[in-house]
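Undergrad: Sharing a structure below in structure tokens format, with a few things to ask.
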Amino acid sequence: KEPGWSCFGDTGIPGATAFSPAAPSSWISFWAPGGDFKEYPANTGMKIKAGDQFILQSHFHLRSGAQKSASMKVTLSLAPAGAKTSELKTLLIAAPIELACTSSEKGPLCARDAALADLAKRTSTKASLQENTLLYICGKDPRNPVASNTSECTSTLPSATAIYGATGHMHQLGRTINITYFNKATGASTTLSSRDLWDFDNQKTDWQPKPIQASQGDQIKVTCTYDVSLRSKLPEFRDLSPNYVVWGEGTRDEMCLAIVNYTN
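Under the numbering used here, residues 9 to 272 are what the sequence shown spells out, in order.
What follows is the structure in structure tokens.
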């Protein structure tokens with residue numbers, strides 16, 4: 009048993025990064041509220057070699073106070089020896105978040121620069137840089153961010169891919185999330201995952217009936233919408249001052265994330 013360490017976004021270890029545009033993530037699996045045991049489609053699985061090491065990152069919710077102890081259990085189900093199994097990989101598509109305070113909200117953290125400084129103080133200096141990185145990756149101008157209740161990002165596939173499933177992730181201010189595949193040759197689109205009324209406690213993966221055979225140059229887009237006025241209604245925000253919201257891992261922060269499982 010080894011001691012853990014604090015981290016933001018990913019592990020902080022070279023070669024174990026989470027976000028690389030149009031490249032596989034080092035994620036093996038994940039869990040969020042409402043997610044069941046992660047059972048992959050038949051004849052697929054995550055490749056694990058002898059001697060590989062696992063890093064488990066946990067997000068703790070401490071609004072009700074720190075617990076004296078916490079426990080969790082990770083169970084791996086292995087494919088039988090000799091089974092013909094296709095290697096599943098994970099693609100993360102993250103959109104930048106730029107949510108301004110509502111017209112009825114006032115406070116020092118409603119200024120974007122102050123909110124970024126607060127985010128860095130609460131988590132890591134890396135946290136305040138990640139939003140600008142996402143703006144750049146998603147074709148926005150980090151020097152001139154524009155507040156919007158809609159966040160989106162498109163990723164172009166660098167090679168032929170079989171798409172098996174997708175999961176959307178937001179926090180408490182989310183309203184809708186859609187993950188869409190676009191076929192460049194035909195112009196057709198396919199919904200990989202959609203939540204017309206976001207439920208934080210129902211974040212399950214949507215698996216395709218049959219894998220979608222995507223080609224190099226095809227695209228996957230994630231689109232999220234938010235309602236900042238929910239802050240005045242949800243108990244989670246009762247004791248928090250209003251703030252300009254950017255990408256982050258805390259209660260007062262937000263995410264717009266597509267988690268796509270595929271094979272090459």
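Ideal Cβ placement from N, Cα and C applies to all residues, glycine included. On a predicted model such as this, the values are computed, not experimentally measured, just so you know.
Whose CA, out of Met178, Lys55, Thr188, Ala266, lies closest to the CA of Asp235?
TA: Ranking Met178, Lys55, Thr188, Ala266 by Cα distance to Asp235 puts Met178 first.
Undergrad: Measure the CB-CB distance between Ser136 and Leu127 and report whether it falls below 8 Å.
TA: Going by C-beta atoms, Ser136 is nearer than 8 Å to Leu127.
Undergrad: If you compare alpha carbons, which of Phe245, Trp13, Ile267 is closest to Thr189?
TA: Rather than Thr, the amino acid found at residue 189 in this sequence is Tyr. Closest option to Tyr189, Cα to Cα, is Ile267.
Undergrad: Tell me whether Gln211 is buried or exposed, calling it buried when 16 or more other Cβ atoms sit within 10 Å of its Cβ.
TA: With 16 or more Cβ atoms within 10 Å of its Cβ, Gln211 is classed as buried.
Undergrad: Around the C-beta of Gly90, are 16 or more other C-beta atoms found within 10 angstroms, so that it is buried, or is it exposed?
TA: With fewer than 16 other Cβ atoms within 10 Å, it is exposed.
Undergrad: In whole angstroms, what is the alpha-carbon distance linking Asn269 and Glu47?
TA: Cα-Cα distance, rounded: 12 Å.
Undergrad: Quick check: Tyr144 and Pro150, are their CB atoms within less than 8 Å of each other?
TA: Result yes, Cβ atoms of Tyr144 and Pro150 sit closer than 8 Å.
Undergrad: Alpha carbon to alpha carbon, what distance is there between Lys114 and Ile63?
TA: Approximately 40 Å between the Cα atoms of the pair.
Undergrad: Does the contact criterion of 3 or more C-beta pairs under 8 Å hold for the stretch 220–239 versus the stretch 83–98?
TA: Output reads no: the stretch 83–98 does not touch the stretch 220–239.
Undergrad: Kindly confirm or deny that the stretch 204–224 and the stretch 238–254 touch, where touching means at least three C-beta pairs closer than 8 Å.
TA: The answer is no - the stretch 238–254 does not touch the stretch 204–224, with fewer than three Cβ pairs under 8 Å.
Undergrad: Mark Pro116 as exposed unless 16 or more other C-beta atoms lie within 10 angstroms of its C-beta, in which case mark it buried.
TA: Exposed.
Undergrad: Within 10 Å of its beta-carbon, does Pro104 have 16 or more other beta-carbons around it, so buried, or fewer, so exposed?
TA: Buried, by the Cβ-count rule.
Undergrad: Among Gln221, Lys129, Pro243, Thr162, which one has its Cα closest to the Cα of Ala273?
TA: Residue 273 cannot be examined here, being either before or after the span of the chain that is shown, 9 to 272.
Undergrad: Which residue or residues does DSSP assign as beta-bridge partners of Ala170?
TA: Paired residue(s): Gln221, Thr271.
Undergrad: Are Thr52 and Gly258 close, meaning C-beta to C-beta below 8 Å?
TA: For Thr52 and Gly258, no; Cβs fall outside 8 Å.
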